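Peer 1:
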Amino acid sequence: MTGRPHALTFPAPAPAPAVDVAALRTEPDYRAALNREFTNVTAENAMKWESVEPQRGVHTWADADAVVDNARRHGQQVRGHNLVWHNQLPAWLTEGVQNGTIGAAELRRILRDHITTEVRRYKGRIRAWDVVNEVIDEDGTLRKSIWLTQLGPGYIADAFRWARQADPRAKLYVNDYNLEWNSPKIEATLALIKDLRSQGVPVDGIGFQGHLGIQYDYPGDWANVMRRFADLGLEVAVTELDVRMVLPVTPEKLATQAAYYGRALTGCLSVPACKEFTVWGFTDRHSWVPGWFDGEGAACLLDESLTPKPAYTTLLTSTP
Ligand code: G3I
Numbered sequence: 233m234t235g236r237p238h239a240l241t242f243p244a245p246a247p248a249p250a251v252d253v254a255a256l257r258t259e260p261d262y263r264a265a266l267n268r269e270f271t272n273v274t275a276e277n278a279m280k281w282e283s284v285e286p287q288r289g290v291h292t293w294a295d296a297d298a299v300v301d302n303a304r305r306h307g308q309q310v311r312g313h314n315l316v317w318h319n320q321l322p323a324w325l326t327e328g329v330q331n332g333t334i335g336a337a338e339l340r341r342i343l344r345d346h347i348t349t350e351v352r353r354y355k356g357r358i359r360a361w362d363v364v365n366e367v368i369d370e371d372g373t374l375r376k377s378i379w380l381t382q383l384g385p386g387y388i389a390d391a392f393r394w395a396r397q398a399d400p401r402a403k404l405y406v407n408d409y410n411l412e413w414n415s416p417k418i419e420a421t422l423a424l425i426k427d428l429r430s431q432g433v434p435v436d437g438i439g440f441q442g443h444l445g446i447q448y449d450y451p452g453d454w455a456n457v458m459r460r461f462a463d464l465g466l467e468v469a470v471t472e473l474d475v476r477m478v479l480p481v482t483p484e485k486l487a488t489q490a491a492y493y494g495r496a497l498t499g500c501l502s503v504p505a506c507k508e509f510t511v512w513g514f515t516d517r518h519s520w521v522p523g524w525f526d527g528e529g530a531a532c533l534l535d536e537s538l539t540p541k542p543a544y545t546t547l548l549t550s551t552p
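Take any residue in the sequence shown, count from 1 to its spot, add 232: that is its number in this note's numbering.
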């Protein structure tokens, strides 16, 4: 591989990937590419609640530590993903809520302890945390997760306050998908963050996941949406970019994919508040896409054998 995304001539941000811990441990070529190419990383699954507390009160930090320790050894900055989500929760928690053995007051304490424990553990080593993930539904209402139904909407403000207490220097983000184009979601998220900040809740940034597919139009207004959030005084980040396609791969599809990646980076670079550009996996060898979208895949910058695709080269030459 010849290029180095982090050696691009633009200032920050340089492309950064989500890391598969199993691959980091067992695949030397994956590890080598990760550490050669990138200066900023996030954990794809290792920091999620089901990973760090699979049994109540029993914390398993080995995987999250592996990402953070590897990053430290290679001078990489780390993004924390995530603290409050409706997915990948430990079974003891969801079952306890369902069967009524965990009531609202206890659930609130459990959430506070989770946030405090995890954020404190990595204090000073995480640049930014996705504090709440996917809390707005497609229609612009608050998602009816166990958090909303058990604790009411105040859980969001609580989560940010607890995170700030645990690490006052980490940037604290709202993170969501389809925020690149879905107008009810965009308006609701802007309103939510304005409201939180008017109450003094420490929200610092907005994360656009950016799970795109070339069978859909590129969300052409995305950079303008970024600007609307930046105008509130927020940091902006692309947090989970990938660009999938209906298989088989063809040169034409790879060219379209490259254009989508390039437009996303160009958009981010055109917004001074855009601080990070994270891709959700960097190789087609390890990507969530084929497991979730039947007949789709090839969404990453490098192919299965870690050979750079046209999208990789496009990122090297993207400018605002
Ligand atoms: O850990 C188990 C393993 O023990 C078991 O053998 C295996 C069998 O299927 O499953 C493993 O768990 C999988 C887990 O990833 C870890 O690899 C789950 O089945 C699988 O559902 C899970 O998928 C993750 C998904 O979030 C869950 O919602 C993806 O890897 C991950 O890329 C994806 O990431 C999310 C972001 O966090 C939030 N935004 C959307 C994005 C894509 O869905």
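We put the beta carbon where it would ideally sit given N, CA and C, even for glycine.
Only a predicted model underlies this, so the values are computations on that prediction, with no experimental measurement involved.
Taking 8 Å as the limit between beta carbons, can you name the residues of its chain near H291, skipping five residues before and five after?
Peer 2: Excluding positions up to five away in sequence, the list reads V284, E285 and T349.
Peer 1: If you count every other CB in all the chains shown that lies within 10 Å of the CB of A336, and 16 or more means buried, which is it?
Peer 2: Exposed, since its Cβ has fewer than 16 Cβ neighbours within 10 Å.
Peer 1: Jot down the residue ranges of each uninterrupted alpha helix (DSSP H) in the segment 464-503, minimum 4 residues, whole runs only, in chain order.
Peer 2: DSSP runs (the alpha helix (DSSP H)) wholly in the segment 464-503: 483-501.
Peer 1: When you compare the CB positions of T271 and R311, do they come within less than 8 Å of one another, or not?
Peer 2: Contact: no.
Peer 1: Can you check whether the CB of V299 is closer than 8 Å to the CB of P339?
Peer 2: Checking the sequence, you will find Leu at residue 339 rather than Pro. No; because the gap between Cβ atoms is not below 8 Å, this pair is not in contact.
Peer 1: In the DSSP output, which residue or residues are listed as bridge partners for I368?
Peer 2: Beta-bridge pairing links I368 to L374.
Peer 1: D362 to N407, Cα distance in whole Å?
Peer 2: Straight-line Cα distance between these residues: approximately 6 Å.
Peer 1: Can the beta-carbon of N414 be found less than 8 Å from the beta-carbon of E370?
Peer 2: Going by C-beta atoms, N414 is nearer than 8 Å to E370.
Peer 1: Cα separation between E536 and G513?
Peer 2: Answer to the nearest angstrom: the Cα atoms are 11 Å apart.
Peer 1: Helix, strand or coil for R288 per DSSP?
Peer 2: In this structure, R288 counts as coil in the three-state DSSP scheme.
Peer 1: Should W524 be labelled buried (16 or more other beta-carbon atoms within 10 Å of its own) or exposed?
Peer 2: Answer is exposed; the Cβ neighbour count stays below 16.
Peer 1: Roughly how many angstroms separate the alpha carbons of D449 and T551, rounded to a whole number?
Peer 2: Whole-angstrom Cα-Cα distance: 21 Å.
Peer 1: When the Cα atoms are used, what is the spatial distance from I358 to P260?
Peer 2: So the two alpha carbons sit approximately 25 Å from each other.
Peer 1: With a threshold of 7 Å (Cβ to nearest heavy atom), would E412 be considered close to the ligand G3I?
Peer 2: No - the ligand G3I has no heavy atom lying nearer than 7 Å to the Cβ of E412.
Peer 1: Quick check on DSSP: helix, strand or coil for G437?
Peer 2: DSSP places G437 in strand when its eight states are reduced to three.
Peer 1: Are there three or more Cβ pairs, one per stretch, closer than 8 Å when the segment 458-475 is compared with the segment 503-511?
Peer 2: The segment 458-475, when compared against the segment 503-511, does touch it at the 8 Å Cβ threshold.
Peer 1: I'd like the span of the beta strand (DSSP E) that includes L404, first residue to last.
Peer 2: First-last of the beta strand (DSSP E) with L404: K403 to D408.
Peer 1: To which residues of the same chain is P522 closer than 8 Å at the C-beta, ignoring the five residues directly before and after it?
Peer 2: Excluding residues within five positions, the ones whose Cβ falls inside 8 Å are E528 and G529.
Peer 1: Less than 7 Å separating the Cβ of H313 from some heavy atom of the ligand G3I?
Peer 2: Checking every heavy atom of the ligand G3I against the Cβ of H313, one is found closer than 7 Å.
Peer 1: My output table needs one value for Q431: the three-state DSSP class, helix, strand or coil.
Peer 2: It is coil, neither helix nor strand.
Peer 1: How many Å lie between D427 and S519 at the Cα?
Peer 2: If you take the alpha carbons of D427 and S519, they lie about 36 Å apart.
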